[in-house]
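Numbering (my numbering), first residue to last: -17 to 460. In this text, a Cβ means the ideal position worked out from N, Cα and C, and glycines have one as well.
Here is the structure:
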């Protein structure tokens, strides 16, 4: 038998966190982060390249100036016109020495050491080959490093080498100044880049946001009247919006046909169902056979259930076509609850209005603005559902709060498991198919409740009543 896979380790979790963090960011945020990170990397690389290029260019300029000075002095040596005191020259040249083959100073410029060569013997050999050298400034009594160029001068008396030293202080100062500009300017450039990217991406994605808002406003009732907004730019987003609107047109046609079929079928079934109920009732009354009367009684239960199903289908078809709210007016929910409860005087279990919960009783009436018929149907469906499963009684309470009107319908039946409380709002879903059919349920009552309450900008939730079920409807007050 194969071993169970090992549980995720702390290392695995640490690897997943960056990926999870990245996926949770918005598209605008991810584009901004990626663009800013890339810009920062390119800025750092460009800054380093700039520092190296500028420093090398300045050093090359100093080397060229020193080379010219060395060649001029070498010419004087070769023509035996070397003055008693050498001039340092220009272009940053600070010291000039002429040394013989044993690295002894033959001549020097003012300020240069006339006894000790600025280069060591090993360094002198490299300088004679044309290699520029950088030495410590303490050899020439200065704090800044020196750049030394060697130029050979051949004379009959022996080999001479002209050593030209230039101060690197200005090169270092220029490099440090450029570094400071980069250190202080780079974060500002990165911040500006991030802000511009955020703004430009937001501007670019504004049509997508408009599409999202338009899609959120779509519903089955508004599908025939609302389409997604088209951006002004003829870009990919425009093509996407056009394609989606074409898809919505096809969906509108399909859903319209479906709604029309359901409404027409339910409407056409009403008359034969009513006629069938009447004939069964007459047959049950006039029949002398006990067996036939029981048969017609059972058939009437199925006919009644079918009648309820047709009514619910018509209600859903009208809600899908015209919306769950046909009119808006102030509605007193407490009065509406009392009217609904009065229709259940002969119900299987007692149905009664409960007083408001402690601390919530207020003098104002529980008024909402909405469709009185739709809200009345909500109460009827909730009470029907509670009566169907209650063991001893059903209670309905209407309470008010500063920002809501709450209607609760409670029963002491078997309740609904927590993991299925959301699914019972699906159309034709039955928690227990056999029991629901036996009790006369259609599987559409709670679906109608949610449709109507959502259209009134309210919520409906299921809770434990211990025992039983509590349905809580919350609506905004008038």
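Residue i versus residue j - alpha carbon distance
{"i": "residue 195", "j": "residue 406", "result": "29 Å"}
{"i": "residue 232", "j": "residue 192", "result": "21 Å"}
{"i": "residue 179", "j": "residue 227", "result": "30 Å"}
{"i": "residue 271", "j": "residue 252", "result": "29 Å"}
{"i": "residue 101", "j": "residue 25", "result": "40 Å"}
{"i": "residue 463", "j": "residue 166", "result": "In this structure the chain extends from -17 to 460, so residue 463 is not present and cannot be described."}
{"i": "residue 154", "j": "residue 120", "result": "16 Å"}
{"i": "residue 182", "j": "residue 234", "result": "35 Å"}
{"i": "residue 361", "j": "residue 410", "result": "19 Å"}
{"i": "residue 250", "j": "residue 291", "result": "13 Å"}
{"i": "residue 309", "j": "residue 390", "result": "24 Å"}
{"i": "residue 321", "j": "residue 314", "result": "11 Å"}
{"i": "residue 285", "j": "residue 262", "result": "9 Å"}
{"i": "residue 219", "j": "residue 160", "result": "44 Å"}
{"i": "residue 208", "j": "residue 331", "result": "46 Å"}
{"i": "residue 419", "j": "residue 287", "result": "Reliability of the predicted coordinates at residue 419 is poor, the pLDDT of 46 falling under 50, and no value is obtained from them."}
When the options are compared against residue i, the one with the closest alpha-carbon
{"i": "residue 461", "options": "375, 354, 21", "result": "No information on residue 461 is available, as it lies outside the stretch -17 to 460 that the chain covers here."}
{"i": "residue 111", "options": "156, 122, 135", "result": "135"}
{"i": "residue 383", "options": "456, 176, 356, 159", "result": "456"}
{"i": "residue 463", "options": "69, 322, 82", "result": "Only positions -17 to 460 of the chain appear in the structure, and residue 463 is not among them; the question remains open."}
{"i": "residue 19", "options": "169, 124, 160", "result": "169"}
{"i": "residue 462", "options": "114, 116, 113, 77", "result": "Any answer about residue 462 is impossible in this case: the structure gives the chain only from -17 up to 460."}
{"i": "residue 128", "options": "141, 152, 144, 108", "result": "152"}
{"i": "residue 351", "options": "12, 439, 61, 38", "result": "439"}
{"i": "residue 92", "options": "38, 147, 85", "result": "147"}
Secondary structure of residue i, DSSP reduced to three states
{"i": "residue 382", "result": "strand"}
{"i": "residue 76", "result": "strand"}
{"i": "residue 13", "result": "helix"}
{"i": "residue 143", "result": "strand"}
{"i": "residue 315", "result": "helix"}
{"i": "residue 329", "result": "coil"}
{"i": "residue 134", "result": "strand"}
{"i": "residue 149", "result": "strand"}
{"i": "residue 457", "result": "strand"}
{"i": "residue 340", "result": "Unreliable placement is indicated for residue 340, whose pLDDT of 35 sits below 50; no coordinate value is reported for it."}
{"i": "residue 352", "result": "strand"}
{"i": "residue 282", "result": "helix"}
{"i": "residue 417", "result": "With a pLDDT of only 43 at residue 417, under 50, the local geometry of the prediction cannot be trusted, and no value is derived from it."}
{"i": "residue 177", "result": "helix"}
{"i": "residue 43", "result": "helix"}
{"i": "residue 334", "result": "strand"}
{"i": "residue 231", "result": "helix"}
Opening and closing residue of the beta strand (DSSP E) in which residue i lies
{"i": "residue 445", "result": "441 to 446"}
{"i": "residue 116", "result": "115 to 117"}
{"i": "residue 88", "result": "87 to 90"}
Delimiting residues of the alpha helix (DSSP H) encompassing residue i
{"i": "residue 103", "result": "103 to 110"}
{"i": "residue 463", "result": "With the chain running from -17 to 460 in the structure shown, residue 463 is simply not present."}
Supposed close pair residue i, residue j - CB separation, criterion 8 Å
{"i": "residue 454", "j": "residue 443", "result": "5 Å"}
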